[in-house]
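Enquirer: This is the structure I want to talk about, given as C-alpha coordinates.
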Amino acid sequence: MEAANYDLTSFRKDLDELQIHLSKEQEQRFLAFYELLIEWNEVMNLTAITEFHEVIKKHFVDSLSLVKVVPEIGQKKLTLIDVGTGAGFPGIPLKLAFPELEITLLDSLNKRVSFLNEVIEKLKLDGIRAVHGRAEDYAKPGKMRESFDLCVSRAVANLSTLSEYCIPFVKKGGCFVSYKSAGAEEEALAAQTAVRILGGDKPEVVSFFLPDTDMGRTFYMIRKKAPTPAKYPRKAGLPAKEPLHS
109 MEAANYDLTS FRKDLDELQI HLSKEQEQRF LAFYELLIEW NEVMNLTAIT
159 EFHEVIKKHF VDSLSLVKVV PEIGQKKLTL IDVGTGAGFP GIPLKLAFPE
209 LEITLLDSLN KRVSFLNEVI EKLKLDGIRA VHGRAEDYAK PGKMRESFDL
259 CVSRAVANLS TLSEYCIPFV KKGGCFVSYK SAGAEEEALA AQTAVRILGG
309 DKPEVVSFFL PDTDMGRTFY MIRKKAPTPA KYPRKAGLPA KEPLHS
(Lines of atoms letter the chains of each structure in order from A; the text may use other names.)
(Lines give C-alpha, C1' and ligand atoms only; values in the text may rest on other atoms or scores of the structure.)
Protein backbone atom coordinates (compact mmCIF):
# COMPACT_ATOMS: atom_id res chain seq x y z
CA MET A 109 0.00 0.00 0.00
CA GLU A 110 1.79 3.11 -1.22
CA ALA A 111 0.66 6.66 -0.54
CA ALA A 112 2.11 9.92 -1.82
CA ASN A 113 5.29 11.26 -0.30
CA TYR A 114 4.46 13.13 2.91
CA ASP A 115 6.75 14.47 5.63
CA LEU A 116 6.01 12.42 8.73
CA THR A 117 8.72 13.95 10.93
CA SER A 118 6.29 15.90 13.12
CA PHE A 119 3.84 12.97 13.34
CA ARG A 120 6.59 10.62 14.51
CA LYS A 121 7.81 13.16 17.07
CA ASP A 122 4.30 13.65 18.46
CA LEU A 123 3.79 9.88 18.70
CA ASP A 124 7.14 9.51 20.48
CA GLU A 125 5.77 11.85 23.13
CA LEU A 126 2.78 9.53 23.50
CA GLN A 127 5.11 6.48 23.48
CA ILE A 128 3.39 5.11 20.37
CA HIS A 129 5.57 3.50 17.72
CA LEU A 130 4.19 2.64 14.29
CA SER A 131 5.52 0.28 11.64
CA LYS A 132 6.01 1.50 8.07
CA GLU A 133 2.84 -0.34 7.09
CA GLN A 134 0.86 1.42 9.82
CA GLU A 135 2.20 4.80 8.67
CA GLN A 136 1.14 4.00 5.10
CA ARG A 137 -2.37 3.19 6.34
CA PHE A 138 -2.59 6.56 8.09
CA LEU A 139 -1.59 8.25 4.83
CA ALA A 140 -4.11 6.22 2.83
CA PHE A 141 -6.79 7.16 5.38
CA TYR A 142 -5.86 10.83 4.95
CA GLU A 143 -6.16 10.59 1.17
CA LEU A 144 -9.56 8.88 1.37
CA LEU A 145 -10.73 11.54 3.82
CA ILE A 146 -9.75 14.35 1.43
CA GLU A 147 -11.21 12.54 -1.59
CA TRP A 148 -14.60 11.97 0.04
CA ASN A 149 -14.58 15.42 1.64
CA GLU A 150 -14.88 16.93 -1.83
CA VAL A 151 -18.38 15.50 -2.22
CA MET A 152 -19.63 15.43 1.38
CA ASN A 153 -18.88 17.37 4.53
CA LEU A 154 -16.62 15.15 6.65
CA THR A 155 -14.21 17.71 8.11
CA ALA A 156 -13.37 21.41 7.90
CA ILE A 157 -9.74 20.49 8.61
CA THR A 158 -8.03 19.34 5.40
CA GLU A 159 -4.38 20.51 5.44
CA PHE A 160 -2.14 17.48 5.96
CA HIS A 161 -0.26 18.81 9.01
CA GLU A 162 -3.53 19.93 10.63
CA VAL A 163 -5.27 16.60 10.07
CA ILE A 164 -2.23 14.86 11.56
CA LYS A 165 -2.24 17.06 14.65
CA LYS A 166 -5.93 17.82 15.24
CA HIS A 167 -7.42 14.49 14.17
CA PHE A 168 -4.77 11.76 14.28
CA VAL A 169 -2.62 12.80 17.25
CA ASP A 170 -5.65 14.09 19.13
CA SER A 171 -7.43 10.75 18.64
CA LEU A 172 -4.39 8.77 19.81
CA SER A 173 -3.96 10.93 22.91
CA LEU A 174 -6.39 8.50 24.56
CA VAL A 175 -3.27 6.70 25.81
CA LYS A 176 -2.97 9.49 28.40
CA VAL A 177 -6.00 8.13 30.25
CA VAL A 178 -6.09 4.50 29.04
CA PRO A 179 -2.38 3.55 28.91
CA GLU A 180 -3.19 -0.16 28.63
CA ILE A 181 -5.00 0.35 25.32
CA GLY A 182 -2.14 -1.07 23.27
CA GLN A 183 -1.45 -3.97 25.60
CA LYS A 184 -4.82 -5.71 25.90
CA LYS A 185 -7.43 -6.94 23.44
CA LEU A 186 -10.18 -4.51 24.39
CA THR A 187 -13.60 -3.89 22.84
CA LEU A 188 -14.35 -0.26 22.01
CA ILE A 189 -17.31 1.67 20.61
CA ASP A 190 -16.91 5.15 19.12
CA VAL A 191 -20.26 6.94 19.45
CA GLY A 192 -21.00 9.67 16.91
CA THR A 193 -17.78 8.80 15.10
CA GLY A 194 -18.39 11.13 12.14
CA ALA A 195 -15.40 10.74 9.80
CA GLY A 196 -13.98 8.01 12.03
CA PHE A 197 -12.40 9.98 14.87
CA PRO A 198 -11.10 8.74 17.19
CA GLY A 199 -11.98 5.15 16.22
CA ILE A 200 -10.02 4.67 12.99
CA PRO A 201 -6.71 6.19 14.20
CA LEU A 202 -7.02 4.02 17.32
CA LYS A 203 -7.52 0.91 15.16
CA LEU A 204 -4.57 1.83 12.92
CA ALA A 205 -2.25 2.31 15.89
CA PHE A 206 -3.60 -0.56 18.02
CA PRO A 207 -4.74 -3.34 15.66
CA GLU A 208 -5.76 -5.66 18.52
CA LEU A 209 -8.68 -3.40 19.44
CA GLU A 210 -12.13 -4.68 18.46
CA ILE A 211 -13.89 -1.50 17.34
CA THR A 212 -17.47 -0.51 16.50
CA LEU A 213 -17.99 2.87 14.81
CA LEU A 214 -21.52 4.18 15.38
CA ASP A 215 -22.95 7.09 13.40
CA SER A 216 -26.47 8.29 12.63
CA LEU A 217 -25.72 9.47 9.07
CA ASN A 218 -25.66 6.72 6.45
CA LYS A 219 -23.38 8.65 4.06
CA ARG A 220 -20.68 8.81 6.71
CA VAL A 221 -21.08 5.07 7.37
CA SER A 222 -20.54 4.49 3.62
CA PHE A 223 -17.29 6.43 3.87
CA LEU A 224 -16.20 4.44 6.92
CA ASN A 225 -16.94 1.15 5.16
CA GLU A 226 -14.82 2.28 2.21
CA VAL A 227 -11.93 3.07 4.58
CA ILE A 228 -12.27 -0.34 6.26
CA GLU A 229 -12.29 -2.10 2.89
CA LYS A 230 -9.50 -0.10 1.21
CA LEU A 231 -7.20 -0.32 4.25
CA LYS A 232 -8.02 -4.04 4.68
CA LEU A 233 -8.89 -3.64 8.36
CA ASP A 234 -10.17 -6.56 10.42
CA GLY A 235 -11.94 -6.39 13.76
CA ILE A 236 -13.71 -3.11 13.02
CA ARG A 237 -17.23 -2.41 11.78
CA ALA A 238 -19.29 0.69 10.98
CA VAL A 239 -22.90 0.73 12.14
CA HIS A 240 -25.62 3.12 10.98
CA GLY A 241 -27.89 4.11 13.85
CA ARG A 242 -28.54 6.23 16.92
CA ALA A 243 -27.02 5.63 20.33
CA GLU A 244 -30.48 5.80 21.91
CA ASP A 245 -31.52 2.73 19.91
CA TYR A 246 -28.35 0.61 20.02
CA ALA A 247 -27.80 1.07 23.76
CA LYS A 248 -31.13 -0.59 24.53
CA PRO A 249 -31.29 -4.05 26.17
CA GLY A 250 -30.84 -6.79 23.56
CA LYS A 251 -28.71 -4.59 21.29
CA MET A 252 -25.16 -3.52 22.21
CA ARG A 253 -25.87 -2.53 25.80
CA GLU A 254 -23.05 -3.10 28.32
CA SER A 255 -21.00 -4.90 25.65
CA PHE A 256 -17.80 -2.82 25.58
CA ASP A 257 -14.70 -2.30 27.70
CA LEU A 258 -14.43 1.26 26.40
CA CYS A 259 -16.75 3.85 24.91
CA VAL A 260 -15.21 6.98 23.41
CA SER A 261 -16.75 10.04 21.81
CA ARG A 262 -15.55 13.30 20.28
CA ALA A 263 -19.15 14.27 19.54
CA VAL A 264 -20.24 17.82 20.31
CA ALA A 265 -22.73 17.61 23.18
CA ASN A 266 -22.63 18.44 26.87
CA LEU A 267 -21.24 15.76 29.15
CA SER A 268 -24.61 15.01 30.79
CA THR A 269 -26.15 14.25 27.39
CA LEU A 270 -23.12 12.30 26.15
CA SER A 271 -23.08 10.24 29.35
CA GLU A 272 -26.66 9.12 28.74
CA TYR A 273 -25.77 8.12 25.18
CA CYS A 274 -22.49 6.41 26.06
CA ILE A 275 -22.40 4.94 29.58
CA PRO A 276 -25.10 2.33 28.76
CA PHE A 277 -22.72 0.76 26.20
CA VAL A 278 -20.00 0.15 28.83
CA LYS A 279 -19.56 -3.06 30.80
CA LYS A 280 -19.34 -2.77 34.57
CA GLY A 281 -15.66 -2.10 35.28
CA GLY A 282 -15.12 -0.46 31.89
CA CYS A 283 -15.01 3.25 31.14
CA PHE A 284 -16.40 6.04 28.99
CA VAL A 285 -13.97 8.71 27.78
CA SER A 286 -15.26 12.01 26.40
CA TYR A 287 -12.88 14.10 24.26
CA LYS A 288 -13.37 17.82 24.90
CA SER A 289 -11.66 21.12 24.22
CA ALA A 290 -10.00 22.92 27.14
CA GLY A 291 -11.84 24.82 29.83
CA ALA A 292 -14.92 22.64 30.19
CA GLU A 293 -14.49 21.81 33.90
CA GLU A 294 -17.97 23.15 34.71
CA GLU A 295 -19.37 20.46 32.44
CA ALA A 296 -17.93 17.76 34.67
CA LEU A 297 -19.55 19.30 37.75
CA ALA A 298 -22.89 19.68 35.98
CA ALA A 299 -22.75 16.07 34.78
CA GLN A 300 -22.04 14.42 38.13
CA THR A 301 -25.69 13.67 38.88
CA ALA A 302 -26.29 12.21 35.41
CA VAL A 303 -23.14 10.09 35.68
CA ARG A 304 -24.18 8.71 39.09
CA ILE A 305 -27.72 7.89 37.89
CA LEU A 306 -26.27 6.05 34.87
CA GLY A 307 -23.94 3.88 36.96
CA GLY A 308 -20.71 5.84 36.54
CA ASP A 309 -18.13 7.01 39.06
CA LYS A 310 -17.09 10.65 39.48
CA PRO A 311 -15.45 11.88 36.24
CA GLU A 312 -11.65 11.98 36.23
CA VAL A 313 -10.39 15.08 34.41
CA VAL A 314 -7.12 15.06 32.43
CA SER A 315 -6.14 18.28 30.66
CA PHE A 316 -3.20 18.70 28.29
CA PHE A 317 -1.98 20.53 25.17
CA LEU A 318 -1.55 18.88 21.81
CA PRO A 319 2.23 18.59 21.20
CA ASP A 320 3.93 21.84 20.06
CA THR A 321 0.65 23.78 20.10
CA ASP A 322 -1.40 25.99 22.40
CA MET A 323 -4.48 23.83 21.69
CA GLY A 324 -5.79 22.68 25.03
CA ARG A 325 -7.66 19.39 25.28
CA THR A 326 -9.50 17.67 28.13
CA PHE A 327 -10.47 14.06 28.68
CA TYR A 328 -13.31 13.15 31.01
CA MET A 329 -12.93 9.52 32.01
CA ILE A 330 -15.89 7.89 33.74
CA ARG A 331 -15.54 4.41 35.18
CA LYS A 332 -18.66 2.21 35.19
CA LYS A 333 -19.29 0.90 38.70
CA ALA A 334 -22.93 -0.26 38.44
CA PRO A 335 -25.35 -1.35 35.70
CA THR A 336 -27.27 1.45 33.98
CA PRO A 337 -30.98 1.47 34.92
CA ALA A 338 -33.08 -0.06 32.13
CA LYS A 339 -34.98 3.17 31.32
CA TYR A 340 -31.79 4.86 30.08
CA PRO A 341 -31.04 6.04 27.47
CA ARG A 342 -34.39 7.74 27.02
CA LYS A 343 -36.03 8.05 23.62
CA ALA A 344 -34.38 10.02 20.80
CA GLY A 345 -34.00 13.72 21.49
CA LEU A 346 -34.68 13.70 25.24
CA PRO A 347 -31.05 13.33 26.44
CA ALA A 348 -30.17 16.52 24.53
CA LYS A 349 -33.35 18.48 25.32
CA GLU A 350 -33.60 17.47 28.97
CA PRO A 351 -30.18 16.43 30.34
CA LEU A 352 -30.34 14.49 33.59
CA HIS A 353 -30.04 16.68 36.69
CA SER A 354 -30.53 16.18 40.40
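Numbers given in this note's numbering equal positions in the sequence shown, counted from 1, plus 108.
Using N, Cα and C, we set each Cβ at its ideal position, and we do this for glycine too.
Would you report the Cα separation of ARG237 and THR336, rounded to the nearest angstrom?
Expert: The residue you call residue 237 lines up with position 129 of the sequence shown. The residue you call residue 336 lines up with position 228 of the sequence shown. About 25 Å.
Enquirer: Taking just the CA atoms, how far does ALA195 sit from ARG220?
Expert: Working through the sequence shown from its first residue, we reach residue 220 at position 112. Working through the sequence shown from its first residue, we reach residue 195 at position 87. Using only the alpha carbons, I get a separation of about 6 Å.
Enquirer: Kindly list the residues whose CB is nearer than 7 Å to the CB of LEU352, restricted to its own chain and excluding five residues on each side of it in sequence; keep chain order.
Expert: Here residue 352 refers to the residue found at position 244 when the sequence shown is read from its first residue. Correct list, in chain order: SER268, GLU272, THR301, ALA302, ILE305.
Enquirer: Is DSSP giving ALA334 helix, strand or coil here?
Expert: Reading the sequence shown from its first residue, position 226 is the one you call residue 334. ALA334: coil per DSSP, three-state reduction.
Enquirer: Identify the residues that DSSP records as bridge partners of ALA238: which are they?
Expert: For the purposes of this step, residue 238 is taken as residue 130 along the sequence shown, with counting starting at 1. Per DSSP, LEU213.
Enquirer: Residues bridged to GLY281 by DSSP?
Expert: The residue labelled residue 281 in the question sits at position 173 within the sequence shown. Paired residue(s): none; GLY281 is not in a bridge.
Enquirer: Please report the distance separating the alpha-carbon of GLY308 from that of TYR114.
Expert: Mapped onto the sequence shown, residue 308 falls at position 200. Mapped onto the sequence shown, residue 114 falls at position 6. When rounded, the distance between both Cα atoms is 43 Å.
Enquirer: What does the alpha-carbon distance come out to for the pair ARG325 and ALA290?
Expert: Counted from its first residue, the sequence shown places residue 325 at position 217. Counted from its first residue, the sequence shown places residue 290 at position 182. Distance between the alpha carbons of ARG325 and ALA290: 5 Å.
Enquirer: Let me make sure I understand the geometry here. Which of ILE157, LYS184, LYS332 has the alpha-carbon closest to that of CYS283?
Expert: Translated into positions along the sequence shown, residue 283 becomes position 175. That would be LYS332, whose Cα lies nearest to the Cα of CYS283.
Enquirer: For ARG262, which residues of its own chain have a beta-carbon under 7 Å away from its beta-carbon, when the five flanking residues on both sides are left out?
Expert: Here the question's residue 262 lines up with position 154 in the sequence shown. Only PHE197, PRO198, TYR287 meet the Cβ criterion.
Enquirer: At what residues does the alpha helix (DSSP H) containing LEU258 begin and finish?
Expert: On the sequence shown, position 150 is the one that residue 258 refers to. Unbroken run through LEU258 is the beta strand (DSSP E), 256-261; no alpha helix (DSSP H).
Enquirer: Hey, which unbroken runs of the alpha helix (DSSP H) at 4 residues or more fall wholly within the stretch 171-211?
Expert: Runs found: 199-205.
Enquirer: Distance check for GLU312 and GLU143, CA to CA, integer angstroms please.
Expert: If you number the sequence shown from 1, residue 143 lands on position 35. If you number the sequence shown from 1, residue 312 lands on position 204. Answer to the nearest angstrom: the Cα atoms are 36 Å apart.
Enquirer: Would the stretch 153-165 and the stretch 178-185 be scored as touching if the rule is three or more Cβ pairs under 8 Å?
Expert: Not touching, per the Cβ criterion.
Enquirer: Please report the straight-line C-alpha distance between THR155 and TRP148, rounded to a whole angstrom.
Expert: The residue you call residue 155 lines up with position 47 of the sequence shown. The residue you call residue 148 lines up with position 40 of the sequence shown. Each residue's Cα considered, the two are about 10 Å apart.
Enquirer: According to DSSP, simplified to helix, strand and coil, what is ARG342?
Expert: By 1-based counting over the sequence shown, the position of residue 342 is 234. ARG342: coil per DSSP, three-state reduction.
Enquirer: If you draw a straight line from the alpha carbon of LEU202 to that of LYS339, how long is it in whole angstroms?
Expert: Locating residue 202 in the sequence shown gives position 94, where the first residue counts as 1. Locating residue 339 in the sequence shown gives position 231, where the first residue counts as 1. One C-alpha to the other measures close to 31 Å.
Enquirer: Determine the burial state of LEU139: buried for a count of at least 16 other Cβ atoms within 10 Å of its Cβ, exposed for fewer.
Expert: If you number the sequence shown from 1, residue 139 lands on position 31. Burial call: buried.
Enquirer: Using the C-alpha atoms, what's the distance from LEU270 back to ALA296?
Expert: As a working mapping, residue 296 is identified with position 188 in the sequence shown. As a working mapping, residue 270 is identified with position 162 in the sequence shown. Spanning the two alpha carbons is a distance of roughly 11 Å.
Enquirer: Compute the beta-carbon to beta-carbon distance between LYS141 and LEU209, rounded to the nearest angstrom, for a pair I have assumed lies under 8 Å.
Expert: Residue 141 sits at position 33 when you count from the first residue of the sequence shown. Residue 209 sits at position 101 when you count from the first residue of the sequence shown. Note that residue 141 is Phe in the sequence shown, not Lys. Not really, about 15 Å apart at Cβ, beyond 8 Å.
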